[in-house]
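>
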Amino acid sequence: MFDLLIVAATLVCALQAIRSPRLLMSALWLASASALTALLMYLLGAPEVAVIELSVGAGLVTVLFVFAINIAGEELPDLRALVPKPLAWLVAIGAMALGAWMAMPGLRTPAPALQQPPFAVVLWEQRTVDVLLQVVLIIGGVLGVLGLLGPGGAQAGKEKRS
Amino acid sequence: MTLSLPALVAVAVVGLLGIGLAGLLVTRNLIKVVVGMQVMVKGGMLAMVLAGHLCGQVQTGAALALTVIVADTIVSVVALAFAVQVRRRFGTLDLQALSTLRR
Chain A
46 MFDLLIVAAT LVCALQAIRS PRLLMSALWL ASASALTALL MYLLGAPEVA
96 VIELSVGAGL VTVLFVFAIN IAGEELPDLR ALVPKPLAWL VAIGAMALGA
146 WMAMPGLRTP APALQQPPFA VVLWEQRTVD VLLQVVLIIG GVLGVLGLLG
196 PGGAQAGKEK RS
Chain B
109 MTLSLPALVA VAVVGLLGIG LAGLLVTRNL IKVVVGMQVM VKGGMLAMVL
159 AGHLCGQVQT GAALALTVIV ADTIVSVVAL AFAVQVRRRF GTLDLQALST
209 LRR
């Protein structure tokens, strides 16, 4: 019963994040969806990643969103979407039905109980390449943000434009 | 009839992916596009943990989900910086305005 409530609340929060007319409310709904996702991860038995999702997904990303909305401005006139709304929802519901159909057989197989080493060992010893990839991604992201927002970037763009 | 936790989480995964896709399709605002992408990535992340749970290898799924969290955060940071810069130069967040980038 509790699980059902969490799943329903997650979906409602995600839907509100998409539908909310104000950007700030949208970011806050996204944060609550993120927190509920973290709760589901905890229930599935992955508390470490749930904590990270809660702090990064619900905390850091929300702060960044609020920051960006502050700078970019709360501008959301009723722009007409490129795809008509009913068609978009039809495509999304079709994709959901297909996904559910494909996920169905996987749920029927019983879960074999496997003895696994703790999270830290799996992450640092078995998935070393992933950790390296994360480091590269973080460096790339920092360089990208510096290139976009750093001193000179905006100035150079303005000069070129004028 | 009561649904088991994996079945319920599978419903959440499919729902999040579908809602995110719909959000990407219906909006033209750059920041809303990032929101839709975030919703979709949350579905994918949850799917990885669920797959680990179903195979009895929760820790491997969690390690993969961690990579997804990092990648997703970086992507949204860069996308938001891009949105801010677009707003500065073009004065709008409308994706259509970017078509003037064409030469």
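In order, the protein sequence lines correspond to chains A and B. Going by our numbering, 133 is the number at position 88 of the first sequence; the sequence numbering is gapless. Going by our numbering, 145 is the number at position 37 of the second sequence; the sequence numbering is gapless. For glycine and all other residues, C-beta sits at the position ideal for the given N, C-alpha and C. Given the structure is predicted, the values throughout are model-derived calculations rather than measurements.
Assuming the contact rule is C-beta atoms closer than 8 Å, Met156 (chain B) and Val176 (chain B) should be a hit. Round their C-beta distance to whole Å, please.
Contact between Met156 (chain B) and Val176 (chain B) holds: CB atoms are separated by about 7 Å, below the 8 Å threshold.
> Quick check: the Cα distance between Thr135 (chain B) and Leu81 (chain A), rounded to an integer number of angstroms?
24 Å
> Taking Leu125 (chain B) as the query, report the chain A residues whose CB atoms sit under 9 Å from its CB, ordered along the chain.
Ala137, Ala140, Met141, Gly144
> Let me confirm a value: Gly160 (chain B) is counted as buried when at least 16 other C-beta atoms fall within 10 Å, else exposed. Which label applies?
buried
> Taking 8 Å as the CB-CB limit, is Ser71 (chain A) close to chain B?
yes
> Please list, in chain order, the residues of the region 131 to 147 of chain B that have any C-beta partner in chain A closer than 9 Å.
Gly131, Leu132, Leu133, Val134, Thr135, Arg136, Asn137, Leu138, Ile139, Lys140, Val142, Val143, Gly144, Gln146, Val147
> Report the CB separation of Ile63 (chain A) from Ala130 (chain B) in whole angstroms; it is logged as a contact under 8 Å.
7 Å
> Ends of the alpha helix (DSSP H) at Ser79 (chain A)?
68 to 88
> Could you check whether the region 114 to 125 of chain B touches the region 101 to 120 of chain A, counting it as contact only if at least three pairs of C-beta atoms, one from each stretch, sit closer than 8 Å?
The region 114 to 125 of chain B vs the region 101 to 120 of chain A: no contact.
> Less than 8 Å between CB atoms is the rule here; does Arg206 (chain A) satisfy it with respect to chain B?
The pLDDT assigned to Arg206 (chain A) is 49, lower than 50, so where the model puts this residue is not dependable; a value taken from the coordinates is nonetheless given after this. True, the Cβ-Cβ gap to chain B drops below 8 Å.
> Mind checking if Gly164 (chain B) is an interface residue toward chain A, Cβ cutoff 8 Å exclusive?
yes
> Using a beta-carbon distance below 8 Å, is Ala126 (chain A) in contact with chain B?
yes
> Would you verify that the beta carbon of Val181 (chain A) is, or is not, closer than 8 Å to some beta carbon of chain B?
no
> Taking the alpha helix (DSSP H) that Ile149 (chain A) belongs to, which residues open and close that run?
Residue identity differs from the one stated: residue 149 (chain A) is Met in this sequence, not Ile. Counting along the chain, the alpha helix (DSSP H) containing Met149 (chain A) begins and ends at 130 to 153.
> What separation, rounded to the nearest whole angstrom, lies between the Cα atoms of Leu168 (chain A) and Ala171 (chain B)?
Distance between the alpha carbons of Leu168 (chain A) and Ala171 (chain B) is about 6 Å.
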